[in-house]
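J.:
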Amino acid sequence: RKEVEQDPGPFNVPEGATVAFNCTYSNSASQSFFWYRQDCRKEPKLLMSVYSSGNEDGRFTAQLNRASQYISLLIRDSKLSDSATYLCVVRASGGSYIPTFGRGTSLIVHP
Amino acid sequence: GAVVSQHPSWVICKSGTSVKIECRSLDFQATTMFWYRQFPKQSLMLMATSNEGSKATYEQGVEKDKFLINHASLTLSTLTVTSAHPEDSSFYICSARAGSDSNQPQHFGDGTRLSIL
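Going down the list, the protein sequences come from chains A and B. In the working numbering, each residue carries its 1-based index in the first sequence increased by 65. In the working numbering, each residue carries its 1-based index in the second sequence increased by 93.
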């Protein structure tokens with residue numbers, strides 16, 4: 066089993082739709098979780114950290130389920146500009162704190 | 094805040110050339126920087142973890158003598174691709190984390206697109 070797994074998609078949704086991605090992780094000692102967004106041929110940009118209690122930033126909601134070892138990202142009222150690849154990042158405690166990236170989920174929002 | 098600058102953004106060189114890529118944290122000190130490589134339509138692959146004042150930690154399969162990493166200060170890490178060949182053509186991205194708190198997210202440079210002819 067890969068350390069961090071994501072459905073590569075693509076998720077093809079109309080503008081205004083609500084879409085959700087999951088990301089599962091295998092290391093139960095994982096402590097830090099993040100969602101990044103990567104546009105084509107660009108560097109990843111931090112979208113949001115994921116906190117244990119769940120957190121929201123505008124149209125974006127991130128949640129953590131430690132029992133089932135996954136994090137989720139919910140995007141409401143999708144915009145064309147939301148089209149990108151969404152990467153989840155998981156980092157375990159201890160050691161050198163090297164983060165592990167998922168392969169990313171591709172989202173395409175169409176008119 | 095937390096801006097990471099990477100230079101150059103695009104390099105086209107002949108085979109056999111050595112290419113140096115710089116990664117700078119502009120408004121924070123970065124004890125640890127990471128170097129990644131990404132091939133088209135593939136995920137980021139961690140190449141090495143660069144620690145200020147010490148040797149870099151390379152991932153399995155990454156040649157230390159091929160990809161030289163120097164992290165001489167808290168704001169600068171460099172990656173040198175020595176004697177580059179066409180198969181080294183890729184998108185190289187660095188990232189840095191502010192401070193020593195492992196809960197802090199990484200911030201990425203703009204990336205360097207390397208093309209070896």
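C-beta: ideal position from N, C-alpha, C; glycine also.
Check each candidate in B/96, B/106, B/97 and name the one with the smallest Cα separation from residue 208 of chain B.
T.: On the second sequence, position 115 is the one that residue 208 of chain B refers to. For residue 208 of chain B, the nearest C-alpha among the options comes from B/106.
J.: Against chain A, which members of the region 130 to 163 of chain B pass a CB distance test of less than 8 Å?
T.: For the region 130 to 163 of chain B, which is checked against every Cβ of chain A, the residues closer than 8 Å are 135, 136, 137, 139, 142, 150.
J.: Per DSSP, what kind of secondary structure is residue 70 of chain A in: helix, strand or coil?
T.: Here residue 70 of chain A refers to the residue found at position 5 when the first sequence is read from its first residue. Residue state, collapsed to three classes: strand.
J.: Do you know offhand how far residue 75 of chain A's Cα is from residue 108 of chain A's?
T.: On the first sequence, residue 75 of chain A is found 10 positions in, with the first residue counted as 1. On the first sequence, residue 108 of chain A is found 43 positions in, with the first residue counted as 1. Spanning the two alpha carbons is a distance of roughly 19 Å.
J.: Closest to residue 174 of chain A by CA distance: which of A/140, A/165, A/163, A/156 is it?
T.: Translated into the one-based positions of the first sequence, residue 174 of chain A becomes position 109. Of the candidates A/140, A/165, A/163, A/156, the one whose C-alpha sits nearest the C-alpha of residue 174 of chain A is A/140.
J.: Could you give the DSSP three-state label for residue 181 of chain B: helix, strand or coil?
T.: Residue 181 of chain B sits at position 88 when you count from the first residue of the second sequence. Here residue 181 of chain B sits in helix by DSSP.
J.: Looking at residue 166 of chain B and residue 187 of chain B, is the spacing between their C-beta atoms short of 8 Å?
T.: Residue 187 of chain B sits at position 94 when you count from the first residue of the second sequence. Residue 166 of chain B sits at position 73 when you count from the first residue of the second sequence. Going by C-beta atoms, residue 187 of chain B is not nearer than 8 Å to residue 166 of chain B.
J.: Report back the beta-carbon spacing between residue 43 of chain B and residue 177 of chain B to the nearest angstrom; my notes put them in contact at under 8 Å.
T.: For chain B, the structure presents residues 94 to 210; residue 43 of chain B sits outside this window and is missing.
J.: Helix, strand or coil: which one does DSSP assign to residue 122 of chain A?
T.: As a first step, residue 122 of chain A is located in the first sequence; it is residue number 57 there, counting from the start. Reduced to three states, the DSSP call for residue 122 of chain A is strand.
J.: Give me the residue from B/189, B/205, B/206, B/117 with the minimum Cα distance to residue 37 of chain B.
T.: The requested residue 37 of chain B is not part of the displayed model; chain B covers only 94 to 210.
J.: Please list, in chain order, the chain B residues whose beta carbon lies closer than 7 Å to that of residue 164 of chain A.
T.: Along the first sequence, one-based indexing puts residue 164 of chain A at 99. Going along chain B in sequence order, the residues near residue 164 of chain A (Cβ under 7 Å) are 199.
J.: Thinking C-alpha only, which one of B/201, B/200, B/191, B/183 is nearest residue 134 of chain B?
T.: The residue given as residue 134 of chain B occupies position 41 in the second sequence. It is B/183.
J.: Determine the contact status of residue 147 of chain A and residue 172 of chain A, defining contact as a CB-CB distance below 8 Å.
T.: Here residue 147 of chain A is taken as the residue at index 82 of the first sequence, counted from 1. Here residue 172 of chain A is taken as the residue at index 107 of the first sequence, counted from 1. Yes, the pair counts as a contact, with Cβ atoms nearer than the cut-off.
J.: Is residue 165 of chain A closer than 8 Å to residue 71 of chain A when the C-beta atoms are compared?
T.: Within the first sequence, residue 71 of chain A is the residue found at index 6, counting from 1. Within the first sequence, residue 165 of chain A is the residue found at index 100, counting from 1. No; because the gap between Cβ atoms is not below 8 Å, this pair is not in contact.
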